[in-house]
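Worksheet: one structure, shown below.
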Amino acid sequence: MSSEQNLSADVVIVGSGVAGSSIANELARAGISVIVLEAGPRVDRQHFVENFRNLENKPSYQGPFPAVPWAQHPPDQQTPNEYLHTSGPDAEAYQQVYLRMMGGTTWHWAGCAWRYLPSDFELKTRYGQGRDWALKYDDLEPFYYQAEVMMGVCGPDPAVEDLGSPRKQVYPMDALPISYAAQQFRKLISEKTPWRVVHEPQARNTRPYDRRPTCEGHNNCMPICPIGAMYNGSYSVYDAEAAGAKFIPNAVVYKIERDSANKRVTALHYFDPDKGSHRVTGKYFVIAAHCIETAKLLLVSADEQSPEGVANSSGHVGRNMMDHTGVQVTFISGGEAWWPGRGPLETNVIDNFRDGPWRNERGAYLVHMVDDNQVDLATQLAISKGYVGRELEEQIRYLASHTVRLFSHNEGLADPDNRLTLNKTKKDMLGIPHPDVYYKLPEYTVRSCENTREVFRQMIGLMHGTDEQWTPGYFPQDHPAGSTIMGVDPKDSVVDGHCRTHDHDNLFIASSSVFSSVGTGNITLTVAALALRVADTLKKELIHA
Amino acid sequence: MKGYIMRKERGSQPLCLWHVSPNAMRLSRLLRMSRRDTLLAGMSAALAGSIGVAVAQDQQPSDQRSSNTEDLPVEEFMALSRRLTDRAELDQRIGDALCAGIVHGNAARAEQIHALHDLLTKGNFASASEFAHAAETQDKAYKDVVHEIMTGWYRGVADGKVVVYRSALMFDITKDAVYPKTYASGGPFYWTAKPPEVAVPTGQPAMSPSKFVVEPT
Amino acid sequence: MPDLKNSFYTLLVAGTVFAGPGTGVVLAADTDLAPAGRGAAIEGSGPDDEATLARGEYIATAADCIACHTSKGGKPFAGGLKVGTPMGDVISTNITPDPEHGIGKYTEQQFDQAVRHGVRDDGSYLYPVMPYVSYAGMTDQDVTALYAWFRHRVKPVAESPPATSLSFPASMRSSMAVWNMFATKETPGQGDSATYNKLKRGEYLANALEHCGTCHTPRNFMLDEKHDRYLAGGPLSGWYAPNITSSVSSGIGNWSEADIIVYLKTGRAQNHAQAAGPMGEAVEHSTSRLTDPDLEALAAWIKQVPAMDDDLEHKPRDSFGQAVNAPDIRTKVPSRIDDLSEMTGPHIFDANCAACHGRNGSGTDDHYAPSLFANSVIGTTRPDNLIMVVLNGVNRTAGKDHAGMPGFGADSQVQRLSDSEIASLVNYVMGTFGSGDPHVTAEKVASFRNK
């Protein structure tokens, strides 16, 4: 079945998350015609808020987002999983979750908007580890700022608190005033350790911004901000649509058509939910479909011209899978009541371990003190301890006010053996194979995690902690990267420094899949900056043409 | 970042409805819903205890619990609940729903509630702790029943489902400091102020401890 | 946030304001000319001394000139704000002292003609988008001060906003001359307004400067204010400017002077009301900046305005409702992401409003999000303002006090609610926390969009 409708645009984008929608917005504002193909449906906030309240397992932040059958996403982080199948020694540590729907996974991010450090782009040169990017920090700096303005990022004054990523402008919004719990954590760390706690830059409103209200501390950034005080991709979708971009929901791209020379992409083919097939032609194409889905699409598009998959002459599509696989501990502090859970979730970070000479042998990391409401956890803990009645209530208050949760983002490393492939037997209802990922945590990251555990033990000691609950093994952070890795050499990389595929002149990739190293900061701001840079390239080429 | 959940016995793997419906966009919602209902009916056995699934029950109660509360040991449940929470007053509406959920999750609970109520009326228990201790001493199986009653009132959960969220007692006893997620207790930056202090508890557990593990979601 | 596009002016026939394109009908200069040559003769002081300039600045604030003559994010007084009218958009003009683009060439007499008499420099009439019928009550001394401040302290801006281009019949313009003759204007105040006693000062502030009646006094069929119904309330293009007379049952007779003062200063009076829409702007730009004695004077004046009863409202608007005492019993599990089915009123409330206003409607502990009961917007029998707030939200800053609520209209980034969803929501909220279900229909909500 083929549609009779002739769909065509200057630029055709796959994926409506922060990357795809922000490119669409930039191009549409410049008068360029754009079609965005989104595999998932249109959605709205109010149903997610109700879904969250109706969800028994509140910490399952995938829980409020049951997928549609034609665009599955992982239902949770359990292994085995019904969609994302992981294997290898650290299979459970790569159980990533993400969302396939209009606006993408930023519907349930926590708004942490870090720039990478200049050193993150030169890991090989500076430390002899991993890979260098095919671009430098300075190349991305203007786009980092553009992304910060687009999202509305608040952060500290660089003159007062330098986060290590040089800035030409101050943050668009003032830093978020931190909670009492965070203030006390900051005080403790500064007085009792050689480390420091910094304000986390966040795409969260500290004043009304972009028709959205100031954060009111509903403490539910993940999985759903009930008032829109935090950026998500849906705002860029709205903006792009207002500027004339056409978004087609429930359009599952399954084939990338090229010309006879296999140098240029000519069209994308997508299935609607009834498996009706549609063809969309264009001058340029951007795959912005999340690290896992992007690699999957390139591999699914294998044909006689490209038996190993599109853009895959290097054989690196699906390889080099990275994350910020980390460590987590929850414990009960013996100090005063901090009452975490007042204000937004993630506001403060120990950033001393983001870079250092030791990076030649072990990965960097950052440490979050999570400021989330612990009442539910405290209640379960107190009940399990055998309390009832007044004594139970006393325990709940005590535990809820004294629980401390720490976790780390530890730097992964590009290893070609950590690889995404297509499942041989399991397919979705459209016949598209599920993704498989083999994952073995690189030794570089293992050593980093060991160092983190030692630091956490010191901190537990400082706070006279009890009831330590360590997350078993390693802790996936849902920051997958590397599956279409960037590099200067077409033989061992998929895209160049402008995120253009080496194999196809008019095919770009806007995703964390292009990252050559994964650093320590949350990936979203870098994804957005790379996407805006792709938009800039496309504008120049289309307007020049 | 990731959250945590308690390891707990779940009746089944989360039910996946992905293969249930192609959800043709041209079909009316009504037609789509009826297809889902039909399919769900055939899978209802697998549904019990599962979470995170799409269920076509939009504006109706999810089951018949509420319609036949007269068959449930509600008054005994309320008396037990008042004793186990050390509270003279509990909301009857919540009690009805919790009792229905607990019995729905495990039919044996009706008889156990009855037996525990017997124990309660025959003894003279001055506190929740005294009673819970006596219950566990009489029959180890009663610990689970007490846990479910506590989980019901304090977490608002029964039978693996949310019975109340905002109205769960755990939020009532912490409302001077924090609000349930998705609700705000103040305007912007209220969180910079110092929350109330909390004294170190002196009470002792009434029953033996159970396994408690934090694991990723 | 609603801007002036959504405000009261649409009920007035609108036209060019100040130095618009010179296409107006030039009327005979003697139709309504003010006495000439006044204002420059304040004893013992030159017109441009610091005290005069300070007075001028304060008068400009109290008269809220900036509200209309500055566009969103634009330079102060450079015009460019779109004001919606039934005939199309009127764009406010540049009133900075720039000689080419602003009013730099206006003599004081010409300035006075415009401000107090609605006649612009080419002699044509301003349409009463410009509230000159109120400003007519200003004293000569205050007009002089205002002129001095505009000339010397407002930064010239050498740009012209897009010209207003309305396509209504030319006859409309000349009809304004007739309207101007019949419209009831304030009588110029005499002497030094700073020396008035409290009540007289309050009256002067209310009528000549703040122009309260422009919105709060209903209008007759000629669109002239009905002076026998002074401040008795009237509809204003979507919003309803409520009865603020001393009637206990229909007005704000149950408010204390202190309540009125705190309302004007901050935009909210706990357990009474809060300002949004055009009143939110008036608070932000004008009343929150008045001196305490002036607020006291204004409140005293408002307190003694004769009670006018309303034909619909017979119990104080802020006397309805209470916190809902019902557990949030839940029977559902999460629905699939493409399930966008319309929810019932209570569910729409829970999903969109309860996060801040509380499931029981009592607002946040610090009243940042106000209680929904004991709240005039909900307790009124007229759902207009609640519909407008749901559509457009609130964004009001008064000094350090900020109030924010996102809108849920067609361009919301937070949640776009349909007409029928808003109808269900408004009916639930007013039924639960207010004076009763107003039975708003989706069609009625639709009529409020883009007002």
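Protein chains in written order, with the working numbering: chain X, 1 to 545; chain B, 1001 to 1217; chain R, 2001 to 2451. By construction, the Cβ of each residue, glycine as well, lies at the ideal position given by its N, Cα and C atoms. Note that the coordinates shown come from a computational prediction; the quantities given were computed from them, not determined experimentally.
Buried or exposed: where does Gln-2322 of chain R fall if 16 or more other Cβ atoms within 10 Å of its Cβ makes it buried? An exposed status is given to Gln-2322 of chain R, since fewer than 16 other beta-carbon atoms sit within 10 Å of its beta-carbon.
Taking Arg-1083 of chain B as the reference, give the member of B:Ser-1129, B:Ala-1108 and B:Leu-1169 with the closest Cα. B:Ser-1129
I'd like to know if Thr-2397 of chain R contacts chain B, where contact means its C-beta is closer than 8 angstroms to some C-beta of that chain. no
Suppose you measure from the CA of Gln-2304 of chain R to the CA of Ala-2297 of chain R; what does that come to, to the nearest Å? 11 angstroms
Determine whether the Cβ of Met-101 of chain X lies closer than 8 angstroms to any Cβ atom of chain R. Judged by the 8 angstroms Cβ criterion, Met-101 of chain X is in contact with chain R.
What does Ser-1127 of chain B reach in chain X if we use C-beta pairs closer than 9 angstroms? Val-388, Gly-389, Arg-390 and Glu-391
Is the beta carbon of Gly-2361 of chain R closer than 8 angstroms to that of Asn-2520 of chain R? A query on residue 2520 of chain R cannot be resolved here, the shown segment of chain R reaching from 2001 to 2451 and no further.
Give the DSSP-derived three-state secondary structure of Ser-2447 of chain R in the structure shown. helix
Which residues in chain R sit within 9 angstroms of Ala-528 of chain X, going by Cβ to Cβ distance? Within chain R, no residue comes near Ala-528 of chain X; the closest Cβ sits about 17 angstroms away, beyond 9 angstroms.
Using a C-beta to C-beta distance shorter than 7 angstroms, which residues of chain B count as neighbours of Leu-381 of chain X? Phe-1212
Contacts that Ala-2354 of chain R makes with chain B (C-beta to C-beta distance below 9 angstroms): By Cβ distance, chain B contributes Arg-1166, Thr-1182 and Tyr-1183.
Considering only their Cβ atoms, is the gap separating Lys-2265 of chain R from Thr-2245 of chain R smaller than 8 angstroms? no
Name the chain X residues that come within less than 8 angstroms of Gly-2191 of chain R, Cβ to Cβ? Within chain X, no residue comes near Gly-2191 of chain R; the closest Cβ sits about 43 angstroms away, beyond 8 angstroms.
Against chain B, does Arg-53 of chain X count as a neighbour if the rule is that its beta carbon must be under 8 angstroms from one of theirs? yes
Distance CB(Pro-64 of chain X)-CB(Phe-48 of chain X) smaller than 8 angstroms: yes
With 8 angstroms as the threshold, decide whether the Cβ of Ser-2124 of chain R is near any Cβ in chain X. For Ser-2124 of chain R, the answer is no, since every Cβ of chain X falls outside 8 angstroms of its Cβ.
Mind listing the chain B neighbours of Ala-2442 of chain R? Cutoff is C-beta to C-beta under 8 angstroms, in chain order. Residues of chain B passing the Cβ test: none, with the nearest at roughly 18 angstroms.
Under 7 angstroms, CB to CB, which of the residues in the segment 1132-1161 of chain B have a partner in chain X? Correct list: Ala-1132, Val-1146, His-1147, Met-1150, Thr-1151, Tyr-1154, Arg-1155, Val-1157, Gly-1160 and Lys-1161.
Assigned secondary structure, Trp-470 of chain X (DSSP; H/G/I helix, E/B strand, else coil): strand
Over what stretch of residues does the alpha helix (DSSP H) that includes Gly-2404 of chain R continue unbroken? No alpha helix (DSSP H) contains Gly-2404 of chain R, which is instead part of the beta strand (DSSP E) from 2401-2405.
Residues within the segment 2184-2218 of chain R neighbouring chain B, beta-carbon criterion of under 7 angstroms: none
Taking Glu-454 of chain X as the query, report the chain R residues whose CB atoms sit under 7 angstroms from its CB, ordered along the chain. Residues of chain R passing the Cβ test: none, with the nearest at roughly 40 angstroms.
Please state whether DSSP places His-2211 of chain R in a helix, a strand or coil. coil
Taking the beta strand (DSSP E) that Asn-423 of chain X falls in, what are its first and last residues? Boundaries of the beta strand (DSSP E) harbouring Asn-423 of chain X: 419-427, taken from the DSSP string.
Check for me: the beta strand (DSSP E) holding Asn-2392 of chain R runs from which residue to which? Note, Asn-2392 of chain R: premise wrong, no beta strand (DSSP E); alpha helix (DSSP H) at 2384-2392.
Rounded straight-line distance, which links the Cα of Tyr-444 of chain X to that of Glu-127 of chain X: In the sequence as displayed, the identity of residue 127 of chain X is Tyr instead of Glu. Rounded to whole angstroms, the separation of the alpha carbons of Tyr-444 of chain X and Tyr-127 of chain X is 12 angstroms.
Taking 8 angstroms as the CB-CB limit, is Thr-1174 of chain B close to chain X? yes
Of the residues that make up the segment 2302-2330 of chain R, which ones have a beta carbon closer than 8 angstroms to any beta carbon in chain B? Ala-2326, Pro-2327, Asp-2328, Ile-2329 and Arg-2330
Ignore the nearest five residues each way along the sequence and tell me which others in Arg-264 of chain X's own chain have a CB closer than 7 angstroms to its CB. Contacts found: Arg-258, His-504, Asp-505 and Asn-506.
State the Cα-Cα distance for the pair Gln-395 of chain X and Tyr-1154 of chain B, rounded to the nearest angstrom. Taking the straight line from one Cα to the other gives about 12 angstroms.
Please confirm whether Ala-510 of chain X and Ile-23 of chain X have their CB atoms less than 8 angstroms apart. yes
Identity of the residues DSSP links to Phe-271 of chain X by a beta bridge: In the DSSP secondary-structure assignment, Phe-271 of chain X is bridged to X:Val-252 and X:Ser-277.
If you check the beta carbons only, do Tyr-235 of chain X and Asp-272 of chain X fall under 8 angstroms apart? At a Cβ-Cβ threshold of 8 angstroms, Tyr-235 of chain X and Asp-272 of chain X do not count as neighbours.
Exposure of Asp-2339 of chain R, with buried meaning 16 or more beta-carbon neighbours within 10 Å: buried
Looking only at DSSP bridge pairs, what is Trp-2239 of chain R linked to? R:Leu-2236
By the 7 angstroms beta-carbon criterion, what residues does the segment 1094-1118 of chain B contribute toward chain R? Ile-1094 and Ala-1097
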